[in-house]
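All the letters of the sequence shown, read from the start, carry residue numbers 523 to 894 under this note's numbering.
Ideal Cβ positions, reconstructed from N, Cα and C, are used throughout, including at glycine.
Here is the structure we will look at.
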Amino acid sequence: MVKILHISRPVAGVGVYISLLSKYINSNQFSNAIICNTNEKIIAINNDLDLKIDHFHCNIKREIRLVNDLKCLIKIYKIVKQLKPNIIHCHSAKSGILGRLVGFLTKTKTIYTPHAYSYLSAESKKQQFILKNIERFFSLLPSTTIACSASEYKRALVDLKIPKEKIALWNNSIENKILLSTSNFLTKLPKEYICSIGRPSFQKNTELLVEAVTKIKNTHNNIHLVILGVGFYSPTLEKIEKSILDNNLSENITLIPWLKRDESLAILNKSLVYVSSSRYEGLPYSVIEALSLSKPCVLTNVDGNKDLIKNNYNGFLVKQDANQMAESISKILDDIVLRKRMAKNSRIEFENLYDIKKNIKTLENLYFQKIK
């Protein structure tokens, strides 16, 4: 039995990654446990028997807090010494630093998945320089980077100069048949709407979506955008709410708080088009879910998004430009033949590349290779 110990803040996409991995990996060969802040609102992580995997509490914070980070390092070290896992698999920047340090100190095989490199979130060149060099420094430790997309693999190889033999690729993947529930919000929404999932933030660049809807409204007065996932760490929420009011879009944009995954997907399932204005991504689960539900997509042409969409095949890739985004959304809304063709192609793309039952063996083999 190969024991995998995950270190993470299992919220949003990272939580989905660990949850699905734990559910679909061969439980006769692998066991999973996780170190996380159990006081946070985290995604449920169960095995294939729907039993909760072992959770070990550690107050991991998103922000750099030296005293707290040192306490976490010591606690993780003690847990690793106690559990003696075969592999530490750490997720995202903070857990990646702590996990790789502990792996080095305890001589435990270590894997790091960035889920979008931290330096991509930098809002200044100085901050980007610092974060990139932090990532580069910790990549020198004896660990393997498993990128979640081809774009992330390229970042590791080109930006961070990580040797090819220390990098692997396993695409984010989801279940073929998504369980959908009902949602009270559906009764409050119009019959036709477009949808986006993601907290208002620098990464998601929600301002661009609002600007695009403002432009679409000039020709499509009934345009309606539903933004899901609002409220959970949404640093630009007030700015977005003000922009909606200033542009008289209260009847055109609905903000919905963080819901259970099956409830959010029920809302996504009823939408006409999925849209994303992100500045960067790892490999966004929201888009993979949209593909699985046969949704044409209009996405910004950035890391993660561009790995999932083939332009004019299952959607459109656009610049960070409200006019281009508005035009592309309108084109799909106005052409039902185009919309149906893209919808069909989205499902084909999902079945070929992002079905976790087909892909999980690749990850299992990467784990086995790590402990050879």
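Review point. In the stretch 826 to 861, which residue ranges form an unbroken alpha helix (DSSP H) of at least 4 residues, counting only runs that do not cross its ends?
Key: Runs of alpha helix (DSSP H) with 4 or more residues, each lying fully within the stretch 826 to 861, are found at 827 to 830 and 844 to 856, listed in chain order.
**Study point:** Test item: CB-CB of residue 567 and residue 582 under 9 Å
**Key:** Walking along the sequence shown from the start, residue 567 turns up at place 45. Walking along the sequence shown from the start, residue 582 turns up at place 60. For the pair residue 567 and residue 582, the CB atoms are not nearer than the 9 Å cut-off.
Check your understanding: Should residue 772 be labelled buried (16 or more other beta-carbon atoms within 10 Å of its own) or exposed?
Key -> Sequence index remark: in the sequence shown, residue 772 carries index 250 (1-based). Exposed, because fewer than 16 other Cβ atoms sit within 10 Å of the Cβ of residue 772.
Review point. Can you list, in chain order, the residues of its chain whose CB lies under 8 Å from that of residue 541, leaving out five sequence neighbours each side?
Key: What you label residue 541 is simply residue 19 of the sequence shown in a count that begins at 1. Hits under 8 Å: 532, 565, 566, 567 and 568.
Point to revise | Residue interval of the alpha helix (DSSP H) (run including residue 881) | key: Looking up residue 881 in the sequence shown gives position 359. Residues 878 to 892.
Check your understanding: residue 625 and residue 664: beta carbons closer than 9 Å?
Key -> Along the sequence shown, one-based indexing puts residue 625 at 103. Along the sequence shown, one-based indexing puts residue 664 at 142. It is a contact, given that the beta carbons lie within the stated cut-off.
Check your understanding: What is the DSSP secondary structure of residue 797, counted as helix, strand or coil?
Key -> Stepping through the sequence shown from its first residue, residue 797 is reached at position 275. Collapsing the DSSP output to three states places residue 797 in a strand.
Review point. What residues match up with residue 630 in a beta bridge as DSSP calls it?
Key: Indexing the sequence shown from 1 puts residue 630 at position 108. Bridge partners of residue 630: none, in fact.
Exercise for review: Under 7 Å Cβ to Cβ from residue 622, same chain only, skipping five residues before and after it: list those, please.
Suggested key: Counting from 1 along the sequence shown, the entry for residue 622 is found at position 100. Within its own chain, the residues whose Cβ lies closer than 7 Å to the Cβ of residue 622, once the five positions on either side in sequence are excluded, are 612, 632, 634, 660, 663 and 665, listed in chain order.
Check your understanding: Bridge partners of residue 528, per DSSP?
Key -> By one-based count along the sequence shown, residue 528 stands at place 6. As a beta-bridge residue in DSSP terms, residue 528 pairs with 556 and 611.
Review point. Beta-carbon separation of residue 694 and residue 539 under 9 Å?
Key: For this step, residue 694 is matched to residue 172 along the sequence shown. For this step, residue 539 is matched to residue 17 along the sequence shown. Yes. Within cutoff.
Check your understanding: So, residue 673 versus residue 841, is the Cβ gap smaller than 9 Å?
Key -> The residue you call residue 673 lines up with position 151 of the sequence shown. The residue you call residue 841 lines up with position 319 of the sequence shown. No, the Cβ-Cβ distance between residue 673 and residue 841 is not below 9 Å.
Review point. What's the C-alpha gap between residue 552 and residue 804?
Key: Start at 1 with the first residue of the sequence shown, and residue 552 comes out as number 30. Start at 1 with the first residue of the sequence shown, and residue 804 comes out as number 282. If you take the alpha carbons of residue 552 and residue 804, they lie about 25 Å apart.
Practice item. Along the beta strand (DSSP E) that carries residue 716, what are the first and last residues, could you check? Key: Here residue 716 is taken as the residue at index 194 of the sequence shown, counted from 1. Where residue 716 is concerned, the enclosing beta strand (DSSP E) starts and stops at 716 to 719.
Point to revise | At least three beta-carbon pairs within less than 8 Å, the stretch 854 to 870 to the stretch 815 to 823 | key: Two segments are said to touch when three or more pairs of C-beta atoms, one from each, lie closer than 8 Å; by this definition the stretch 854 to 870 touches the stretch 815 to 823.
Practice item. Classify residue 485 as helix, strand or coil using the three-state DSSP reduction. Key: What the structure shows of the chain is the stretch from 523 to 894, and residue 485 is not part of that stretch, so it cannot be assessed.
Exercise for review: Using beta-carbon positions only, say whether residue 722 and residue 758 come within less than 9 Å of one another.
Suggested key: Against the sequence shown, residue 722 aligns to sequence position 200. Against the sequence shown, residue 758 aligns to sequence position 236. Yes, the pair counts as a contact, with Cβ atoms nearer than the cut-off.
Review point. Going by the CB atoms, is the gap between residue 705 and residue 788 shorter than 9 Å?
Key: As a position in the sequence shown, residue 788 is number 266, starting the count at 1. As a position in the sequence shown, residue 705 is number 183, starting the count at 1. It is a contact, given that the beta carbons lie within the stated cut-off.
Practice item. Give me the Cα-Cα distance between residue 570 and residue 608, rounded to the nearest whole angstrom. Key: On the sequence shown, residue 570 is found 48 positions in, with the first residue counted as 1. On the sequence shown, residue 608 is found 86 positions in, with the first residue counted as 1. Taking the CA atoms as reference points, residue 570 sits about 20 Å from residue 608.
Point to revise | In DSSP terms, what residue 749 is bridged to | key: Counting from 1 along the sequence shown, the entry for residue 749 is found at position 227. Checking the DSSP bridge columns, you'll see residue 749 partnered with 718 and 777.
Practice item. Using a threshold of 9 Å, state whether the C-beta atoms of residue 793 and residue 717 are closer than that. Key: Numbered from 1 along the sequence shown, position 271 holds the residue referred to as residue 793. Numbered from 1 along the sequence shown, position 195 holds the residue referred to as residue 717. Residue 717 sits close to residue 793, with the two beta carbons spaced by under 9 Å.
Check your understanding: Helix, strand or coil: which one does DSSP assign to residue 594?
Key -> The residue you call residue 594 lines up with position 72 of the sequence shown. The answer is helix: DSSP assigns residue 594 an H, G or I state.
**Study point:** For residue 728 and residue 736, the rounded distance between their alpha carbons
**Key:** The sequence position of residue 736 within the sequence shown is 214, counting from 1. The sequence position of residue 728 within the sequence shown is 206, counting from 1. Distance between the alpha carbons of residue 736 and residue 728 is about 13 Å.
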